[in-house]
DNA sequence: TAAACTGTCCCGC
DNA sequence: GCGGGACAGTTTA
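Numbering (my numbering), first residue to last: 5 to 151.
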């Protein structure tokens, strides 16, 4: 299947997505847009019009990928909620340090909602910019409070 | 407040 | 191929 690359705006950033059908291979954040469409589910999610990215599948969450057991726990965090690195690690039978590393290496942020994983006494980190993480958490909590 | 712990990746040899 | 260091955190003393 042909892989499509596209982007859509999110605040001061562009979310760049490489995808084919309902399978997403890669998501990155950049100040430079990418010519092409992003998946409609992602566009709606970033606009706050949708809370559900489940029609899309992340290539990184498929069993056998290095951190799939950690990503599975991250995927179970509901929209508008957060969990700590320690909680995720405990549920996945791993260590907090590993949970942080798995989030850093996450090739598909948004789909695997690593922005919902925060540190015990702070927001934790985010690549390339923790500002994006704050915006995503803020978006979800505002959208959630409408319901 | 500092140090130990954790598991994987990456780079240099 | 192997060893050491880095890394988006937590816990304990």
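For glycine and all other residues, C-beta sits at the position ideal for the given N, C-alpha and C.
Excluding the five sequence neighbours on either side, which residues of its own chain have a C-beta within less than 8 Å of the C-beta of residue 143, listed in chain order? 50, 52
Count the other C-beta atoms from every protein chain shown that fall within 10 angstroms of the C-beta of residue 107, then say buried if there are 16 or more, exposed otherwise. buried
Of the choices 62, 45, 65, whose alpha-carbon is the least far from that of residue 56? 45
Start and end residues, alpha helix (DSSP H) containing residue 79: 72-79
Please tell me whether residue 114 and residue 47 are closer than 8 Å, where the distance is taken between their beta carbons. no
Under 8 Å between C-beta atoms of residue 10 and residue 42: yes
May I ask you to list the residues that DSSP assigns as paired with residue 27? 24, 61
Is it buried or exposed, residue 74, if we count other Cβ atoms within 10 angstroms and call 16 or more buried? buried
From what residue to what residue does the beta strand (DSSP E) around residue 15 run? No beta strand (DSSP E) contains residue 15, which DSSP labels as neither H nor E.
Out of 16, 25, 96, point me to the one whose CA is closest to residue 133's CA. 16
Taking only the alpha-carbon atoms, compute the straight-line gap between residue 112 and residue 131 and give it to the nearest angstrom. 12 Å
7 Å CB neighbourhood of residue 148 in its chain, flanking five on each side removed: 83, 84
How many angstroms separate the CA atom of residue 122 from the CA atom of residue 91? 10 Å
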